[in-house]
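Residues in the sequence shown are numbered consecutively from 774, following the numbering used here.
Beta carbons are placed, not taken as given, at the ideal position from N, Cα and C, and that holds for glycine.
Below: the structure, in structure tokens.
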Amino acid sequence: MQGTVDGFTYGLVTPVAAFFMAALGAALGLRCTTRSLHTTRSCRIGWLALGSLSIGSGVWTMHFIAMTGFTVREAPISYDKTLTFAGLAVAVVMIGIGIGIFIVGYRGATRMALITGGTITGLGIASMHYLGMAGMRMAAHLAYDTPLVVLSVLIAGVAATGALWAAVTLRGALSGLGASILMAVAVTGMHYTGMAALDVHLHLPPTLPADLADVLPRDRPAEIIGPMLAGPACFLLLAAVVLLFDPRAMTGEPAPYPRAGHRPRSMVREGAARARYR
774 MQGTVDGFTY
784 GLVTPVAAFF
794 MAALGAALGL
804 RCTTRSLHTT
814 RSCRIGWLAL
824 GSLSIGSGVW
834 TMHFIAMTGF
844 TVREAPISYD
854 KTLTFAGLAV
864 AVVMIGIGIG
874 IFIVGYRGAT
884 RMALITGGTI
894 TGLGIASMHY
904 LGMAGMRMAA
914 HLAYDTPLVV
924 LSVLIAGVAA
934 TGALWAAVTL
944 RGALSGLGAS
954 ILMAVAVTGM
964 HYTGMAALDV
974 HLHLPPTLPA
984 DLADVLPRDR
994 PAEIIGPMLA
1004 GPACFLLLAA
1014 VVLLFDPRAM
1024 TGEPAPYPRA
1034 GHRPRSMVRE
1044 GAARARYR
């Protein structure tokens, strides 16, 4: 039996809120990535870790805000906590600490670094989404349309690559805003394309009353998902506070050199390394 799926139970409220959270996480994470390009090697790992955690938390929060608007009329929905939080860990590792932002942050805006970083970042976004979907528990079997799944991953990878390019090559608040919006497009576009690929096949007996709402419990996704969002949302607030105390992270400007005409050795080595990669 085919389930009656509604991905917009609350209308445009959940898509708009989800897009905003994805943009917020991307803005914080990409600013951290830009800041890592203009700091010492000892501080760089810290900025990259903060950036990956910010984008990963934004992606994860966006997904579950969007999922509060996803209902199946005939089946209540719950979530497996292990798979749910595993999705957050995978997003953080693949987007940042693993290889995604890490490559771009260390090697600058070279073509191969951006393609590799953007691809891995897109795969991290997609992995988080499909792990989150695998964590759903209901009396139904989930099936996916393969072409739409592939398209969702491509959307994530292409848009993420563009966002990383804009973050590390352009300067100023407007360019940072554009990069974060592009990353949010990658996340939300991937999510709703992936949801369009979903078919729900119910595990129900063939003889049921016509009005299933009288005999089956209604799902309340907000009550299930709400408490899970508290941690990542608090972290995004903390990351915003950290960035506010470092104006160069917001503007993308490099740190001043210690004295006129002098460049730290680490920057000289990094400049030579970037020349080799071009």
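By the DSSP assignment, the beta strand (DSSP E) with residue i in it spans what residues?
i	result
Leu-924	Unbroken run through Leu-924 is the alpha helix (DSSP H), 919 to 942; no beta strand (DSSP E).
Leu-803	No beta strand (DSSP E) contains Leu-803, which is instead part of the alpha helix (DSSP H) from 786 to 809.
His-974	971 to 975
What first and last residue would you give for the alpha helix (DSSP H) that runs through residue i?
i	result
Val-863	854 to 865
Met-1055	For the chain, the structure presents residues 774 to 1051; residue 1055 sits outside this window and is missing.
Ile-838	814 to 840
Less than 8 Å between the CB atoms is what I'm expecting for residue i and residue j, so what's the real figure, rounded?
i	j	result
Gly-891	Ala-864	Wrong, their Cβ atoms sit about 15 Å apart, outside the cutoff.
Ser-925	Gly-897	Contact flag wrong, Cβ pair sits at about 13 Å.
Gly-895	Ala-946	Not really, about 25 Å apart at Cβ, beyond 8 Å.
Ala-912	His-976	5 Å
Thr-1078	Ala-839	As shown, the chain starts at 774 and ends at 1051. That puts residue 1078 outside it, with no answer to give.
His-964	His-902	6 Å
Ser-827	Met-867	Contact flag wrong, Cβ pair sits at about 14 Å.
Met-794	Gly-831	6 Å
From the DSSP output, read off the bridge partner residues of residue i.
i	result
His-914	His-974
Thr-844	Asp-779
Ser-851	Arg-910
Tell me the rounded alpha-carbon separation between residue i and residue j.
i	j	result
Leu-801	Ala-862	18 Å
Val-973	Gly-798	31 Å
Gly-935	Leu-955	7 Å
Ala-822	Cys-816	10 Å
Trp-833	Ala-886	25 Å
Thr-855	Met-906	12 Å
Trp-938	Ile-893	14 Å
Pro-849	Val-1014	38 Å
Cys-1007	Ala-959	23 Å
His-836	Gly-780	12 Å
If I measure Cβ to Cβ from residue i and keep anything under 6 Å in the same chain, skipping five residues before and after, which residues do I get?
i	result
Gly-962	Ile-928
Thr-857	Gly-908
Phe-792	Ala-957, Thr-961
His-914	His-974
Within a Cβ cutoff of 8 Å, which residues of the same chain sit near residue i, ignoring the five residues on either side of it in sequence?
i	result
Thr-777	Val-845, Arg-846, Glu-847
Leu-785	none
Ala-1055	Outside the shown range of the chain (774 to 1051) lies residue 1055, about which nothing can therefore be said.
By Cβ distance, which residues of its chain are closer than 7 Å to residue i, with the 5 residues on each side in sequence left out?
i	result
Asp-918	Ala-970
Ala-859	Leu-904
Tyr-852	Gly-908, Met-909, Arg-910, Ile-997
Trp-820	Cys-805, Arg-808, Ser-809, Thr-812
Ser-953	Ala-796, Ala-799, Ala-800, Leu-803
Is any heavy atom in the ligand NAD found nearer than 7 Å to the beta carbon of residue i?
i	result
Thr-813	Absence of the ligand NAD from the depicted structure is noted, as is the absence of any ligand whatsoever, leaving it without description.
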